[in-house]
Amino acid sequence: MTTLNTEPNVSVPDDFYQDLIDAHRDLTEAQSALLNARLILLLANHVGDLTTLREALAAARDDLGAVK
Amino acid sequence: MKTYTHPVYEYVGAPDTGGAPRHWPVVVAGAGPVGLTGAIDLGLRGIDVLLVDEDDTVSVGSRAICWSKRTLEILDRLGCGERLVQKGVGWNVGRVFFRDEQVYEFNLLPGEGYRRPAFINLQQYWVEQFLVERLGELPQAELRWRSKVVGVRQEADRIALRISTPDGEYTVHADWLIAADGAHSPIRNMLGLECEGQVFRDRFLIADILMSSGFPAERRFWFDPPFHRNQSALLHRQADDVWRVDFQLGWDADPEEEKRPERIVPRIRAMLGDAAQFEIEWASVYTFQCQRMRSFRHGRTLFAGDAAHLVSPFGARGANSGIQDADNLAWKLELVLAGQAPEALLDSYDSERTEAADENIRHSTRSTDFITPKGAISRTFRDAVLGLAKRYPFARALVNSGRLSLPVTLGESPLNTPDNTGAFGGGPIPGAVAIDAPVAGPRGKWLLGYVDGGFTLLCFGNAVPADALRSLARDAVACAVVQVGGAAASGACLIEDSEGLAAKRYDAMPGTCYLLRPDQHVCARWRAFELGAVRAAIARATGKPAEAARAAA
Ligand SMILES: Cc1cc2nc3c(=O)[nH]c(=O)nc-3n(C[C@H](O)[C@H](O)[C@H](O)COP(=O)(O)OP(=O)(O)OC[C@H]3O[C@@H](n4cnc5c(N)ncnc54)[C@H](O)[C@@H]3O)c2cc1C
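Just so you know, the sequences run in chain order A and B.
Residues in the first sequence are numbered from 1 upward in steps of one, following the working numbering.
Residues in the second sequence are numbered from 69 upward in steps of one, following the working numbering.
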């Protein structure tokens, strides 16, 4: 049974996507990487449940091999 | 060194150099904290034990400083915990800094009602000296200095050891050998065995400095501080105004160069400020590893302490876990030597302590990975955690500069009798260490003081009938009964739960019984006493096969 919600859940998807890109504007690559890391940590804490987080990690890693 | 003069222990010509080799029930190789603890425990159990060490003094240089609550409890049982506590310094507050600011502080204050604090700090040589002195009080234990094990032969029913001394070599025989001969374990090599794991590609300058300063007794840890860019640093207080400083140097540092005072002094000045007055007591450069042997038992040889497993010092698990190895092993050897338990009981030493080693290695690897991130992305996450920790409490939980060394719960042990389903909602589970609590009674003010060397049934209220009590006391593997509160039962040691904490910590109701092993780990518990169940649990905890356990019931 999966607990990770992979159905549409963000209220205004286009707004969120734009905010995400905007958040990185004018940042160096290192700053961007740091922002991403902080964001992941903040969101992970919000989710809290380890099972869900592990599913997200697995989903994020899935088929990366093929992308290379 | 100004604050400590290493004792020089005299070599005494061994009485059994000539003639037929003397036979010992147990020989312990290595008088470090682990070998000493094991020999004291065995000596207190009335077992003739020979402890040999190649050197003639205690630990030299900057090694262990943090001794955990569990270590103190074990040494209390062995009669020398108080000396450590008297000499050591207590600390509760830890501060973590990132770059130029404090990101958080923690307080270990364990809550009232425990005899011992979470940690004390004390230089390893003091601890070893106290242990040597304690050992000297035991007629059963003999410690021979400048006596080096140079050969080991496992024979069918004994071990033959070659001992090299200033007077030449001689042989001793033993039923069992405890190899507590340290990280490089010559005995491990002689037996062709290995320690496997990972070496961290980093170097650390570890120095002890003498400084009477106004600094409080707290642990300070810096990530990437202005005085030591891109690396970590640690400051920790020990006894006699000695402070431990620790600088991460990186893999490319030249260890010989870094040990020179001309290099060290400016580093410390940068950390403590120009006004600081200090003298260097000792300095070394270390690399660290996390490794263990696949098995801690090889026939009649039992590996313990650094010989069996190695961790990085972040989290203070080396000596503390080694002392728990000795604590786990001594009572098992006693029972096997007395013919009251099968040799298979010693396999549980292996399974329990490898489980513990794995947990310690896991913790210490995680701390080391946080302190020494491998690769750019690890470092980014590490810095993200530290950056968030100042503002957000959740991130503090992720900061890992070493986790508190707690005793491992031996939850998977075959010696445990599982709980009846749903019987307990709290309290220490089978495999966990018994929890201390303040009590009133004939043998002192602390509960753990009543669990001192044999099996103990801790029961709440007058739960054990007098005839059952007598039977338990007369069994081959005897079991003492300690009764908490209620009308006195004859033969039980009666104590009062003076602050109500014992009942609370053990999730106890009238009739609740906990069976504690000689090393104070819980091995079974029930809501009501039943003689057969207790006997079966003791049979199981002494490694007897299931049929024997059933027969005991
Ligand atoms: C910088 C640093 C900081 C540390 N901090 C902590 C801490 O805060 N808390 C903690 O718990 N641990 C800490 N440790 C780890 C701790 O020092 C070790 O885990 C501990 O000393 C292990 O004890 P031991 O008895 O197994 O081995 P050792 O202390 O190494 O003793 C082995 C003994 O065996 C003897 N020996 C060796 N070969 C032979 C032979 N062939 N024959 C006879 N004798 C022999 C040696 O002379 C030695 O006395 C730290 C270590 C370091 C390096």
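Cβ coordinates follow ideal geometry from the N, Cα and C atoms, glycine included.
Nearest neighbour of residue i, chosen from the options [CA to CA]
| i | options | result |
| --- | --- | --- |
| arginine 269(B) | Ala508(B), Cys358(B) and Leu152(B) | Cys358(B) |
| alanine 541(B) | Ala556(B), Cys561(B) and Phe528(B) | Cys561(B) |
| valine 353(B) | Thr139(B), Asp314(B), Pro207(B) and Gly86(B) | Asp314(B) |
| phenylalanine 165(B) | Asp451(B), Leu261(B), Gly407(B) and Leu152(B) | Asp451(B) |
| arginine 214(B) | Asp235(B), Asp225(B) and Ala224(B) | Asp235(B) |
| tyrosine 193(B) | Asp322(B), Cys134(B) and Val171(B) | Cys134(B) |
| cysteine 581(B) | Leu526(B), Ser558(B), Arg573(B) and Ala614(B) | Leu526(B) |
| threonine 233(B) | Ala82(B), Leu456(B), Val501(B) and Asp309(B) | Ala82(B) |
| aspartate 565(B) | Met577(B), Gly559(B) and Glu326(B) | Met577(B) |
| glutamine 191(B) | Gly156(B), Gly162(B) and Val200(B) | Gly156(B) |
| valine 550(B) | Thr485(B), Ile277(B), Arg511(B) and Phe174(B) | Arg511(B) |
| proline 498(B) | Ala592(B), Ser136(B), Glu264(B) and His431(B) | Ala592(B) |
| serine 380(B) | His252(B), Ala500(B), Val267(B) and Gly568(B) | Val267(B) |
| proline 533(B) | Tyr417(B), Gly559(B), Thr524(B) and Tyr460(B) | Gly559(B) |
| lysine 70(B) | Asp121(B), Met279(B) and Leu456(B) | Met279(B) |
| leucine 474(B) | Thr73(B), Phe528(B) and Gln392(B) | Gln392(B) |
| tyrosine 79(B) | Ser363(B), Asp121(B), His241(B) and Ala251(B) | Asp121(B) |
| lysine 216(B) | Ile503(B), Val95(B), Asp535(B) and His91(B) | Val95(B) |
| tyrosine 460(B) | Asp62(A), Gly65(A) and Leu41(A) | Leu41(A) |
| threonine 477(B) | Leu203(B), Glu420(B) and Leu302(B) | Glu420(B) |
| leucine 340(B) | Met361(B), Ser281(B) and Asn388(B) | Ser281(B) |
| glutamate 237(B) | Leu405(B), Ala548(B), Ala457(B) and Pro89(B) | Pro89(B) |
| alanine 544(B) | Asp415(B), Arg230(B), Ala505(B) and Arg603(B) | Arg603(B) |
8 Å Cβ cut-off: residues of chain B touching residue i
| i | result |
| --- | --- |
| arginine 38(A) | Ala452, Gly455 and Leu456 |
| leucine 53(A) | Going along chain B, no residue has its Cβ under 8 Å from leucine 53(A), so there is no contact; the nearest lies around 13 Å. |
| leucine 4(A) | Within chain B, no residue comes near leucine 4(A); the closest Cβ sits about 20 Å away, beyond 8 Å. |
Where residue i meets chain A, residues with beta-carbon distance less than 9 Å
| i | result |
| --- | --- |
| threonine 448(B) | Ala30, Ala33, Leu34, Asn36 and Ala37 |
Endpoints, alpha helix (DSSP H) assigned at residue i
| i | result |
| --- | --- |
| aspartate 415(B) | 413-439 |
| alanine 394(B) | 386-405 |
| tryptophan 194(B) | 192-204 |
| alanine 617(B) | 614-620 |
| glycine 111(B) | 101-112 |
Within chain A, partners of residue i - CB distance below 7 Å
| i | result |
| --- | --- |
| phenylalanine 462(B) | Asn45 |
9 Å Cβ cut-off: residues of chain B touching residue i
| i | result |
| --- | --- |
| leucine 20(A) | By Cβ distance, chain B contributes nothing, its closest Cβ being about 16 Å from leucine 20(A), past 9 Å. |
| leucine 27(A) | By Cβ distance, chain B contributes nothing, its closest Cβ being about 13 Å from leucine 27(A), past 9 Å. |
| leucine 57(A) | Those within 9 Å of leucine 57(A) in chain B number zero; the least Cβ separation is about 13 Å. |
| leucine 64(A) | Result: empty, since nearest Cβ-Cβ is about 14 Å, beyond 9 Å. |
Test item: CB-CB of residue i and residue j under 7 Å
| i | j | result |
| --- | --- | --- |
| asparagine 160(B) | leucine 176(B) | yes |
| aspartate 124(B) | tyrosine 77(B) | yes |
| leucine 152(B) | leucine 211(B) | no |
| arginine 183(B) | tryptophan 594(B) | no |
| phenylalanine 272(B) | alanine 338(B) | no |
| tryptophan 399(B) | proline 586(B) | yes |
| alanine 56(A) | leucine 20(A) | no |
| phenylalanine 289(B) | leucine 454(B) | no |
| alanine 409(B) | isoleucine 348(B) | no |
| glycine 495(B) | aspartate 426(B) | no |
| leucine 583(B) | alanine 605(B) | yes |
| alanine 631(B) | histidine 241(B) | No information on residue 631(B) is available, as it lies outside the stretch 69 to 621 that chain B covers here. |
| alanine 209(B) | glycine 98(B) | no |
| serine 432(B) | arginine 385(B) | yes |
Endpoints, the beta strand (DSSP E) within which residue i is located
| i | result |
| --- | --- |
| valine 12(A) | Note, valine 12(A): premise wrong, no beta strand (DSSP E); not H, not E. |
| asparagine 189(B) | 187-189 |
| histidine 304(B) | 300-305 |
| phenylalanine 166(B) | 161-166 |
| threonine 369(B) | 369-371 |
| asparagine 36(A) | Unbroken run through asparagine 36(A) is the alpha helix (DSSP H), 29-47; no beta strand (DSSP E). |
| alanine 209(B) | 209-212 |
| glutamate 150(B) | Run containing glutamate 150(B): none in the beta strand (DSSP E); it sits in the alpha helix (DSSP H), 149-155. |
| leucine 118(B) | 117-120 |
| alanine 247(B) | 236-247 |
| leucine 525(B) | 523-528 |
| leucine 53(A) | Leucine 53(A) -> not in any beta strand (DSSP E); alpha helix (DSSP H) instead, spanning 50-61. |
| phenylalanine 492(B) | Run containing phenylalanine 492(B): none; DSSP gives neither H nor E here. |
Where residue i meets chain B, residues with beta-carbon distance less than 7 Å
| i | result |
| --- | --- |
| leucine 50(A) | Within 7 Å Cβ-Cβ: nothing; leucine 50(A) doesn't reach chain B, min ~13 Å. |
Closer than 7 Å to chain C by CB, residue i
| i | result |
| --- | --- |
| phenylalanine 295(B) | Of the protein chains in the structure, A and B, none is chain C. |
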